[in-house]
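Worksheet for the structure shown next.
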Amino acid sequence: MTVNTAYFGAAGVCVNDEGKLLMVLQGTKEEHKKWSVPSGGKENGETFEECCIREFKEETGFDAKIIKRLFVKKEELEGIGRIEVHYFLVRIIGGTKTIQDPDELIYEIDWKDYEQLQTLDLSFPEDRSVLCEYINLYTTTRKKAVIHE
């Protein structure tokens, strides 16, 4: 049975000069914690870009600038409803690594490399291939699209 609800959110994908992806360990106090790129739900009146920047700051302490939209994930999940999450490539432009999540769902912030990403327990395992593909592309081309802390 599908619930008639919808979830709209955004995620920030940030790869540093060493080819590592910024990720957060998240979950409720009772849940097994899993890794994800910084992400969260849109607030009323917020654009997907504004949501990405706000969530990135709340979950990592870093100020971010959007470089470009990477992809949009759209799904229909039983028991949840329609999900639409916009993924953006972001660059860190300031701030300090610190957890400021008002929802108290973030437990750790860390940079993960391609090999680590292969075996991490992810909140959204369907994202693994596209995140690995982006890290691999970044590392092989050595683009200076993002900076690290």
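Per numbering that gives the first Met the number 0, the sequence shown starts with residue 0, numbered consecutively. Note that CB positions come from ideal geometry on N, CA and C, so glycine has one too.
#### Entry: Cβ-based burial, T59 [other Cβ within 10 Å; buried from 16]
The sequence position of residue 59 within the sequence shown is 60, counting from 1. The residue in question, T59, is buried, as its Cβ has 16 or more Cβ neighbours within 10 Å.
### Nearest residue (CA-CA) to E103, options Y6, C50, E54
In the sequence shown, residue 103 corresponds to position 104, counting from 1. Cα-wise, what sits closest to E103 is E54.
### Message
Using 8 angstroms as the threshold, is the C-beta distance between Y133 and G18 below it?
### Response
Within the sequence shown, the letter at position 134 stands for residue 133. Within the sequence shown, the letter at position 19 stands for residue 18. No, these two residues do not count as a Cβ contact at 8 angstroms.
#### Entry: Cβ shell of V145 (< 6 angstroms), same chain only, five flanking positions each side left out
Within the sequence shown, the letter at position 146 stands for residue 145. Any reading at V145 is ruled out, since the residue's pLDDT is 45, under 50, leaving its predicted position unreliable.
### Task
Could you check what DSSP says for E17 in three-state terms: helix, strand or coil?
Here residue 17 is taken as the residue at index 18 of the sequence shown, counted from 1. E17: coil per DSSP, three-state reduction.
### Query
With which residues is F55 paired in a DSSP beta bridge?
By 1-based counting over the sequence shown, the position of residue 55 is 56. Note: F55 sits in no beta bridge, so no partner.
### Message
Please state whether the Cβ-Cβ distance between E57 and Q99 is less than 8 angstroms.
### Response
As a working note, residue 57 is residue 58 in the sequence shown. As a working note, residue 99 is residue 100 in the sequence shown. Yes. Within cutoff.
### Query
Buried or exposed: K79, going by 16 or more other Cβ atoms within 10 Å of its Cβ?
To locate residue 79, count along the sequence shown from 1; it is residue 80. Per the sequence shown, residue 79 should be read as Ile rather than Lys. By the 10 Å Cβ count, I79 comes out exposed.
### Message
Excluding the 5 residues flanking L130 on each side, which residues of the same chain have their C-beta closer than 8 angstroms to its C-beta?
### Response
For the purposes of this step, residue 130 is taken as residue 131 along the sequence shown, with counting starting at 1. So the list reads V12, L20, V36, L116, once near-sequence residues are dropped.
### Query
Quick one: is H85 buried, meaning 16 or more other Cβ sit within 10 Å of its Cβ, or exposed?
Taking the first residue of the sequence shown as position 1, residue 85 is located at position 86. The residue is buried, with at least 16 neighbouring Cβ atoms inside 10 Å.
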